[in-house]
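Number of protein chains: 2
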Amino acid sequence: MSLRFGLLGLLSYQDMTGYDLKKAADATIGGFWDAQASQIYRELNYMEDLGWLTSVIEFQTDRPNRRIYSVTSSGHQAFLQWLLENHTDKGHLNKSVFMMKIFFSGEHSTAENIRVFQQFKKNCEIKLAELESKNKQDFPFGMTRDNHPDQALYWEFTDNFAKAYYKLCLTWANDCVAALEKRLAS
Amino acid sequence: MSLRFGLLGLLSYQDMTGYDLKKAADATIGGFWDAQASQIYRELNYMEDLGWLTSVIEFQTDRPNRRIYSVTSSGHQAFLQWLLENHTDKGHLNKSVFMMKIFFSGEHSTAENIRVFQQFKKNCEIKLAELESKNKQDFPFGMTRDNHPDQALYWEFTDNFAKAYYKLCLTWANDCVAALEKRLAS
DNA sequence: TGGGTCATGTAACCTGTTACATGATTAG
DNA sequence: CTAATCATGTAACAGGTTACATGACCCA
């Protein structure tokens, strides 16, 4: 699994600094991958050691210097190979803390669990709103849909998935709340 | 975070060995948590050090001895506290290798990507079939729905979620394939 | 004057994964 | 005869998280 290859992919669109990458990642793969800045810097370092990246420092006087990374040909090869490796992610719903808690929620009162679901719904609504609004503006750093017509379709696919996912969460949570309220009434 | 509490939860239903826990986990929380046996044993050890569990060895002659774990009161307290901690899992679609690959799939040919989606669909269908069949039999180790009426509703909630999730994956993948075929035709 | 942005990182830690090892019994 | 089941683990590693540190500039 790997942020690693996500970074390679983004850098293949455009040379960037770690700081830029954090923002680019949030704006592009952020719907399904939450990247930590500290990890980004670590990965960049590691990949430079591997020879997958090279970097140049841009000196600035009024702001901190910027270290700009570029993918080498061996880095791009590694990326392409990763893309071809068998995609069988075992179904990718294989670690959900929230579901774990729900599973054991019989320990709590019905009323309390309704509140938990309502909180969950709020979070989903926020996520959905973020995804909808993001859609209107284009991707940053020169990665526009016009710029990358072949890629844009796949960007939409992942976007659609994320949206559909959070909508599913909302309807599911509504059903759960309905069932719990029914129990309260009886 | 954290198989640990899942194990505590299951042990609160019934005393068990690590081996039993692996099977119980697969049968109960397996829809949304893939637990490794090696990690189970490590966690059991660790929790015994913490004083959250105690264990007794059951000697057997014809088979390996069994180490049976029970939750202590401090273990149960830790479990309850975890349940109450704020549930805000940031949305739990925050790490998907599959989506990462799809996002960057513009590098491949349309035909190849159609095959990738078809493989994905097959995996989802298998998962769905597993979930449907599991439903018919009851949970193992005395954890029946009649036995735990308060819990059973929440078990169903997580079950419903997993099923709805894989169904969503299927319809999404179908839409993607349709879009790709349309592109092939034009 | 306080908080946000720009920009880089380190260190310790936690959690989960992979690969391996052992060895008897039982069912096909 | 072979594979699965029972049953327990260890060791090394990979990947991700949290907390912290630095410091200037800009805007309200």
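Respectively, the protein sequence lines represent chains B and A. Going by my numbering, the first residue of the first sequence is number 22, and it counts up by one from there. Going by my numbering, the first residue of the second sequence is number 22, and it counts up by one from there. C-beta atoms are modelled at their ideal positions from N, C-alpha and C, and glycine is treated no differently. Computed from a predicted model, the values in this text were never measured in an experiment.
Which residues, in order along the stretch 109-133 of chain A, keep a beta-carbon less than 8 angstroms from a beta-carbon of chain B? Answer set for the stretch 109-133 of chain A: Thr109, Asp110, Lys111, Gly112, His113, Leu114, Asn115, Lys116, Ser117, Val118, Phe119, Met120, Met121, Lys122, Ile123, Phe124, Phe125, Ser126, Gly127, Glu128 and His129.
For A:Gly30, go through chain B and note every residue whose CB falls closer than 9 angstroms to its CB, in chain order. Think of a sphere of 9 angstroms around the beta carbon of A:Gly30: the chain B residues whose beta carbon falls inside it are Met121, Phe124, Phe125 and Glu128, in chain order.
Could you tell me if A:Lys188 is buried or exposed, where buried requires 16 or more neighbouring beta carbons within 10 angstroms of its beta carbon? Classification of A:Lys188: exposed, given that the 10 Å Cβ count is below 16.
Interface residues of chain A facing B:Ala185 [CB-CB closer than 7 angstroms]: For a Cβ distance threshold of 7 angstroms, residue set Leu189 and Trp193 of chain A lies close to B:Ala185, ordered along the chain.
Any beta-carbon of chain A closer than 9 angstroms to the one on B:Tyr67? Using beta-carbon distances, B:Tyr67 does not count as an interface residue toward chain A, since no partner is under 9 angstroms.
Could you give the distance in angstroms between the alpha-carbon of A:Asn144 and the alpha-carbon of B:Pro85? 48 angstroms
Which residues in chain B have a C-beta closer than 9 angstroms to the C-beta of A:Ala200? List them in chain order. Taking a Cβ-Cβ threshold of 9 angstroms, the residues of chain B close to A:Ala200 are Leu174, Glu177 and Phe178, in chain order.
Does the stretch 188-200 of chain A come within contact of the stretch 134-153 of chain B, defined as at least 3 CB pairs closer than 8 angstroms? no
With 16 other CB atoms within 10 Å as the buried threshold, where does A:Ala58 fall? exposed
Give me the subset of the stretch 35-56 of chain A whose CB atoms are less than 8 angstroms from a CB atom of chain B, sorted by chain position. Those would be Thr49, Ile50, Gly52, Phe53, Trp54 and Asp55, in chain order.
Looking at the unbroken beta strand (DSSP E) that takes in A:Arg87, where does it start and where does it end? Arg87 to Val92
Counting beta carbon pairs with one atom in the stretch 87-99 of chain A and one in the stretch 61-72 of chain A, are three or more of them shorter than 8 angstroms? yes
How should A:Gln102 be labelled, buried or exposed, when 16 other C-beta atoms within 10 angstroms of its C-beta is the threshold for buried? exposed
Which one of A:Ser95, A:Asn115, A:Tyr186 and A:Gln60 has the shortest CA to CA distance from B:Trp54? A:Asn115
Within a Cβ cutoff of 7 angstroms, which residues of the same chain sit near A:Cys197, ignoring the five residues on either side of it in sequence? Phe138
Best match in B:Gly52, B:Ile61 and B:Arg25 for proximity to B:Phe178 [C-alpha to C-alpha]: For the residues B:Gly52, B:Ile61 and B:Arg25, the minimum Cα distance to B:Phe178 belongs to B:Gly52.
Nearest to B:Leu104 (by Cα), restricted to the options A:Lys142, A:Ile123 and A:Phe100: A:Ile123
Cβ of A:Ala183 within 9 angstroms of Cβ of A:Leu205? For the pair A:Ala183 and A:Leu205, the CB atoms are not nearer than the 9 angstroms cut-off.
Using DSSP with H/G/I as helix, E/B as strand and the rest coil, what is A:Met164? In this structure, A:Met164 counts as coil in the three-state DSSP scheme.
Assigned secondary structure, A:Thr179 (DSSP; H/G/I helix, E/B strand, else coil): Correct three-state label for A:Thr179: helix.
Simplified DSSP assignment, three categories, for B:Trp103: helix
Does the distance from the C-beta atom of A:Gly39 to that of A:Ile61 stay below 9 angstroms? yes
Compare the beta carbon distance of B:Tyr175 and A:Phe141 with 9 angstroms and say whether it is the shorter of the two. no
Measuring CA to CA, which of B:Lys203, B:Glu106 and B:Glu146 is closest to A:Gln121? The amino acid occupying residue 121 of chain A in the given sequence is Met; Gln does not appear at that position. The candidate whose alpha carbon is nearest that of A:Met121 is B:Glu106.
Simplified DSSP state of A:Leu74, which is helix, strand or coil: Residue state for A:Leu74 is assigned as strand, using DSSP reduced to three classes.
Examine chain A for any beta-carbon lying closer than 9 angstroms to the beta-carbon of B:Gly72, and answer yes or no. no
Residue of A:Leu201, A:Ala185, A:Gln98 and A:Thr165 minimising C-alpha distance to A:Ala45: Proximity to A:Ala45 across A:Leu201, A:Ala185, A:Gln98 and A:Thr165 peaks at A:Thr165, based on C-alpha coordinates.
At least one CB of chain A closer than 9 angstroms to the CB of B:Ser23: is that the case? Yes, its Cβ sits closer than 9 angstroms to a Cβ of chain A.
First and last residue of the alpha helix (DSSP H) that includes A:Gly30? Leu24 to Tyr34
Whole angstroms are fine: how far does the CA of A:Glu128 sit from the CA of B:Ser117? 31 angstroms
When burial is assigned at 16 or more other CB atoms within 10 Å of the CB, is B:Ile50 buried or exposed? By the beta-carbon neighbour count (other beta carbons within 10 angstroms, threshold 16), B:Ile50 is buried.
Which term fits B:Leu24, buried or exposed, when burial requires 16 or more other beta carbons within 10 angstroms of its beta carbon? buried
Positions along the stretch 77-104 of chain B whose CB lies within less than 9 angstroms of some CB in chain A: Phe100, Leu101, Trp103 and Leu104
Could you tell me whether the Cβ atoms of B:Phe100 and B:Phe26 are closer together than 9 angstroms? yes
Going along chain A, which residues have a C-beta under 9 angstroms from B:Asp167? Near B:Asp167 there are no residues of chain A at all, since even the closest Cβ is about 14 angstroms away, more than 9 angstroms.
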